[in-house]
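Residue numbers (our numbering), protein chains in the order written: chain A, 2 to 325; chain B, 40 to 290.
Built from N, CA and C at the ideal position, the CB exists for glycine as well.
Have a look at the structure below before the remarks.
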Amino acid sequence: MPPSTPLVTFVVIPVISVFNLGKRYGRTVAVDDVSLEVFEGEIFGLIGPNGAGKTTTMECVEGNRVPDKGTISVLGLDPRRDANTLRQRIGVQHQEAHLQKRIKVWEAVDLWRSLYTRVVDSDTLLARLGLESKRDSWFMNLSGGQKQRLFIALALIHEPEVVFLDELTTGLDPQARRAIWGLVTGIRDRGTTVFLTTHLMEEAERLCDRVAIIEHGRLIEVGTPDDLVQKHCPERTVVFTSDDSNVGGRMQALGPVERADGGEVGAVAEGGAATYTIRGAGDDFVTDVINIIAREGIRVRGFRTEIPTLEDVFLKLTGHGIRD
Amino acid sequence: MQPRFLQGFWKLTWLETKIFTREPMGFVATLVMPLVVFIALGRAFGVAKPVAAPQVDIPFNVAILAAVLIALSAVQSLVAIISIYREGGILKRLRATPLSPVTIMGAQVVVKLAFTVISLSLLMLAGRRLFPGIRQVNVFSFTAAVLLSTFSILSLGFVIASLVPTARFAQPVGAAVLYPMLALSGLFYPVDRFPRALRAFAYLFPTTHAVSLLNGVWDGSGWGAHWVNVAALLVLFAGYTALSTRVFRWE
Ligand SMILES: Nc1ncnc2c1ncn2[C@@H]1O[C@H](COP(=O)(O)OP(=O)(O)OP(=O)(O)O)[C@@H](O)[C@H]1O
Ligand SMILES: [Mg+2]
Numbered sequence: 002m003p004p005s006t007p008l009v010t011f012v013v014i015p016v017i018s019v020f021n022l023g024k025r026y027g028r029t030v031a032v033d034d035v036s037l038e039v040f041e042g043e044i045f046g047l048i049g050p051n052g053a054g055k056t057t058t059m060e061c062v063e064g065n066r067v068p069d070k071g072t073i074s075v076l077g078l079d080p081r082r083d084a085n086t087l088r089q090r091i092g093v094q095h096q097e098a099h100l101q102k103r104i105k106v107w108e109a110v111d112l113w114r115s116l117y118t119r120v121v122d123s124d125t126l127l128a129r130l131g132l133e134s135k136r137d138s139w140f141m142n143l144s145g146g147q148k149q150r151l152f153i154a155l156a157l158i159h160e161p162e163v164v165f166l167d168e169l170t171t172g173l174d175p176q177a178r179r180a181i182w183g184l185v186t187g188i189r190d191r192g193t194t195v196f197l198t199t200h201l202m203e204e205a206e207r208l209c210d211r212v213a214i215i216e217h218g219r220l221i222e223v224g225t226p227d228d229l230v231q232k233h234c235p236e237r238t239v240v241f242t243s244d245d246s247n248v249g250g251r252m253q254a255l256g257p258v259e260r261a262d263g264g265e266v267g268a269v270a271e272g273g274a275a276t277y278t279i280r281g282a283g284d285d286f287v288t289d290v291i292n293i294i295a296r297e298g299i300r301v302r303g304f305r306t307e308i309p310t311l312e313d314v315f316l317k318l319t320g321h322g323i324r325d
Numbered sequence: 040m041q042p043r044f045l046q047g048f049w050k051l052t053w054l055e056t057k058i059f060t061r062e063p064m065g066f067v068a069t070l071v072m073p074l075v076v077f078i079a080l081g082r083a084f085g086v087a088k089p090v091a092a093p094q095v096d097i098p099f100n101v102a103i104l105a106a107v108l109i110a111l112s113a114v115q116s117l118v119a120i121i122s123i124y125r126e127g128g129i130l131k132r133l134r135a136t137p138l139s140p141v142t143i144m145g146a147q148v149v150v151k152l153a154f155t156v157i158s159l160s161l162l163m164l165a166g167r168r169l170f171p172g173i174r175q176v177n178v179f180s181f182t183a184a185v186l187l188s189t190f191s192i193l194s195l196g197f198v199i200a201s202l203v204p205t206a207r208f209a210q211p212v213g214a215a216v217l218y219p220m221l222a223l224s225g226l227f228y229p230v231d232r233f234p235r236a237l238r239a240f241a242y243l244f245p246t247t248h249a250v251s252l253l254n255g256v257w258d259g260s261g262w263g264a265h266w267v268n269v270a271a272l273l274v275l276f277a278g279y280t281a282l283s284t285r286v287f288r289w290e
């Protein structure tokens, strides 16, 4: 008899796995070779410039587009073969979608509710999305943010296990955008996995647990926003203003110091304050600067840090900005 | 378990009906335009073979023209709706739900057929009141013939909707296909007297068979005498539907 050793292994099975996905339209290669995994309960963001292949990738994963090659599995199902089963378990929001101009909000919610086996209460859902006062409005009379919130409501009506959000906040003003971000983190906090696309780096940074950067149909990097910034853009900058003398001399241990007015960094600032810029790298750099300021008793009038963002990572990896 | 086709079908149909009535222009045009044509031409020339003395004898039946116009305006409206829905991503959004494609399109067809019946009823009421000498046709038989014709022409509408590049072109492309069809339908000039090739061509269109069937119902010769037209309407329906499932674009 073999000894009955309990074998306990924790294997994290991805909710979505994509392997060697490819899709072309005529001669345009939209998605070249994309492989990725999305895990339960995370917000995963696909980020990249216009035409990078975000929508194509996402719609192949949803089962709403047919890939040319590659394998896709969502919740253990094949998005094409098991489309009917999968539709009950995923929610989608398309880029730049519309509904019938003269459909009322409650009518859309009511239709969608009739299509799924397990549904949430419509009043509660509309209230959660701040749409209760718009129940009787026609779709065409909603503001951009309200339309997007309605689409989120429709994507969530059947308590899906995974939601797909394609360019959720494009065209919205900053305030509406922030409100939507709050909703998306709320979705994740209720345990739903979120797969989104965006070309706003700030959005990716605020929302996503992990991001994949896509360009010309290929993934060029995957990771948490923090990790990506640390890995590709470790440089840190501190800018501060002081009217003490010989500030530069006391800071020089950390790295080169520049003075905004071009003056001698070691000299006494004539007639008041001077602004200094110190560059370094790594997570400890800002702490080191603060420690020296404290130890030397430098009087600081203004202080700010410049920490690279995903935008800088993108620039570094592709050689151009995301909107160029 | 209800068949998948029925899931959401009546709800969507009712919803599309309400939405259609909320658009005053399309709604009025569908219901009123054929009626106006009927009354104006009927007043001017008399309805076909009028018992009351005709002012001028025109060689076509105004009532049948109006009935065919009802069918064609239903098709125009279908083409417009589909192209607007496609352009706005509405079709795509509906398709991403558990609704089956047949349900999404079937609801539109039912709405169009329902408005065809309403429009036709208005026409017949107006006919009774304004043209008392009008030939008494079997209302149910005539309605059934118009519905069958509309059904068949709507299947061609789906093919036309696939050809329309953007919503802006729905009207012109629809008109460019539908009105030549009407000209060749035999309503204005008997198909028998067309040159052979043109005649064969004319028989490819449901309007030709529709006009022949409607003439038959009007004359009282009935469906039996026109079974060939009925069969042709069904065959063309099947053919155009098969073609449209191949060429139809959802986005
Ligand atoms: N239906 C289509 N037919 C033809 N070409 C297409 C189609 N959809 C996308 N493309 C092309 O494929 C490429 C990738 O498009 P995709 O929509 O996936 O990009 P995206 O990253 O979502 O861009 P955006 O940020 O503008 O939404 C583009 O070059 C686009 O022109
Ligand atoms: Mg896109």
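Worksheet item: With a Cβ-Cβ cutoff of 9 Å, do R132 (chain B) and P140 (chain B) count as a contact?
Response: In this structure, the beta-carbon distance from R132 (chain B) to P140 (chain B) does not fall below 9 Å.
Discussion item. So V120 (chain A) contacts chain B; which residues on that side make the cut at Cβ distance below 7 Å?
Written reply: Result: empty, since nearest Cβ-Cβ is about 12 Å, beyond 7 Å.
Worksheet entry | Nearest neighbour of V110 (chain A), chosen from A:H95, A:K135, A:L220 [CA to CA] | When A:H95, A:K135, A:L220 are compared, the shortest CA-CA separation from V110 (chain A) is found for A:K135.
Practice prompt. Tell me where the alpha helix (DSSP H) around E97 (chain A) begins and ends.
Written response: Per DSSP, E97 (chain A) belongs to no alpha helix (DSSP H) and is neither H nor E.
Item to complete: Spell out a yes or no on whether the region 36 to 47 of chain A and the region 199 to 215 of chain A are touching, meaning 3 or more CB-CB pairs, one atom from each, closer than 8 Å.
Response: Touching, yes, given that three or more Cβ pairs across the two stretches are closer than 8 Å.
Discussion item. Quick check: what's the CA-CA separation for P226 (chain A) versus E312 (chain A)?
Written reply: Spanning the two alpha carbons is a distance of roughly 10 Å.
Worksheet item: Once you ignore the five residues that flank V301 (chain A) on each side, which residues in its own chain have a CB closer than 8 Å to its CB?
Response: Excluding sequence neighbours, V301 (chain A) sits near F241, T242, S243, I294.
Worksheet item: Relative to the alpha-carbon of S36 (chain A), which residue among A:P15, A:L166, A:G42 has its alpha-carbon at the smallest distance?
Response: Of A:P15, A:L166, A:G42, the residue nearest in Cα terms is A:P15.
Discussion item. Any heavy atom of ligand 2 closer than 8 Å to the beta-carbon of D228 (chain A)?
Written reply: No.
Worksheet item: Buried or exposed: where does E259 (chain A) fall if 16 or more other Cβ atoms within 10 Å of its Cβ makes it buried?
Response: By the 10 Å Cβ count, E259 (chain A) comes out exposed.
Worksheet entry | Proximity of I91 (chain A) and V39 (chain A) at Cβ, strictly below 9 Å | No, the Cβ-Cβ distance between I91 (chain A) and V39 (chain A) is not below 9 Å.
Discussion item. Considering only DSSP beta bridges, list what A275 (chain A) is partnered with.
Written reply: In the DSSP assignment, A275 (chain A) is bridged to A:S243.
Worksheet item: Taking Cβ to Cβ, would you say L195 (chain B) is nearer than 9 Å to K151 (chain B)?
Response: No.
Worksheet item: Around the Cβ of I111 (chain B), are there at least 16 other Cβ atoms within 10 angstroms (buried) or fewer (exposed)?
Response: Note on identity: in this sequence residue 111 (chain B) is Leu, with Ile being the wrong assignment. When all chains shown are included, L111 (chain B) counts as buried.
Practice prompt. Take the Cβ of T72 (chain A) as the centre, count every other Cβ of all protein chains shown within 10 Å, and call the residue buried at 16 or more, exposed below.
Written response: Exposed, because fewer than 16 other Cβ atoms sit within 10 Å of the Cβ of T72 (chain A).
Discussion item. For P93 (chain B) and A165 (chain B), I'd like the C-alpha separation in whole angstroms.
Written reply: Because P93 (chain B) carries a pLDDT of 44, less than 50, the predicted location of this residue cannot be relied on, and the following value inherits that uncertainty. Taking C-alpha positions only, P93 (chain B) is separated from A165 (chain B) by approximately 18 Å.
Fill in: Member of B:A105, B:L186, B:P211 whose CA lies at the smallest distance from the CA of Q115 (chain B)
For Q115 (chain B), the nearest C-alpha among the options comes from B:P211.
Worksheet entry | Whole-number beta carbon distance between R189 (chain A) and G283 (chain A), since they are thought to touch under 8 Å | For a cut-off of 8 Å, the C-beta gap from G283 (chain A) to R189 (chain A) is around 30 Å, too long to register as a contact.
Fill in: Partners in chain B for V93 (chain A), counting only beta-carbon separations shorter than 7 Å
What V93 (chain A) touches in chain B: A135.
Fill in: Cβ pair P80 (chain A), E63 (chain A) closer than 9 Å
Yes, the pair counts as a contact, with Cβ atoms nearer than the cut-off.
Worksheet item: Which class does D210 (chain A) belong to by DSSP, given the choice of helix, strand or coil?
Response: If DSSP states are grouped into helix, strand and coil, D210 (chain A) belongs with coil.
Item to complete: Specify, as a first and last residue, the run of the beta strand (DSSP E) that V16 (chain A) falls within.
Response: For V16 (chain A), there is no enclosing beta strand (DSSP E), as DSSP gives it neither H nor E.
Discussion item. Is Q96 (chain A) a contact residue of ligand 1, with contact defined as CB to any heavy atom under 8 Å?
Written reply: Correct: Q96 (chain A) has its Cβ closer than 8 Å to ligand 1.
Worksheet item: Which residues, in chain order, does the region 252 to 285 of chain B contribute to contact with chain A at a C-beta distance below 7 Å?
Response: Within the region 252 to 285 of chain B, no residue qualifies.
Worksheet item: Is there at least one Cβ from chain B nearer than 9 Å to K102 (chain A)'s Cβ?
Response: Output row for K102 (chain A): interface = yes.
Worksheet item: Closest by CA to M252 (chain A), which one among A:T118, A:R219, A:E297?
Response: Closest by C-alpha distance to M252 (chain A), out of A:T118, A:R219, A:E297, is A:E297.
Discussion item. Between which two residues does the alpha helix (DSSP H) holding L37 (chain A) run?
Written reply: In this chain, L37 (chain A) is not harboured by any alpha helix (DSSP H); it is covered by the beta strand (DSSP E) spanning 29 to 39.
Worksheet entry | D33 (chain A): CB within 8 Å of a non-hydrogen atom of ligand 2 | Ligand 2 has no heavy atom closer than 8 Å to the beta-carbon of D33 (chain A).
Discussion item. Could you tell me the alpha carbon to alpha carbon distance between V95 (chain B) and P219 (chain B), rounded to whole angstroms?
Written reply: Note that V95 (chain B) has pLDDT 43, beneath the 50 cutoff, so the model's placement of it is unreliable and no number is given.
Worksheet item: From the beta carbon of I121 (chain B), is the nearest beta carbon of chain A less than 9 Å away?
Response: By this cut-off, I121 (chain B) is not an interface position.
Worksheet item: How big is the Cα-Cα spacing for E168 (chain A) and C209 (chain A)?
Response: Going by the C-alpha atoms only, they are around 13 Å apart.
Worksheet item: Going along chain B in order, which residues have a C-beta closer than 8 Å to the C-beta of W113 (chain A)?
Response: Those are T136, listed as they occur along chain B.
Discussion item. Is A154 (chain A) close to chain B? Criterion is C-beta to C-beta, closer than 9 Å.
Written reply: Not an interface residue.
Item to complete: Determine, using beta carbons only, whether A249 (chain B) and S188 (chain B) come nearer to each other than 9 Å.
Response: A distance below 9 Å separates the beta carbons of A249 (chain B) and S188 (chain B).
Discussion item. So L208 (chain A) contacts chain B; which residues on that side make the cut at Cβ distance below 7 Å?
Written reply: Those do not exist, as L208 (chain A) stays about 22 Å from chain B at its closest Cβ, beyond 7 Å.
Worksheet item: Looking at L87 (chain A) and C61 (chain A), is the spacing between their C-beta atoms short of 9 Å?
Response: In this structure, C61 (chain A) keeps its C-beta atom at 9 Å or more from the C-beta atom of L87 (chain A).
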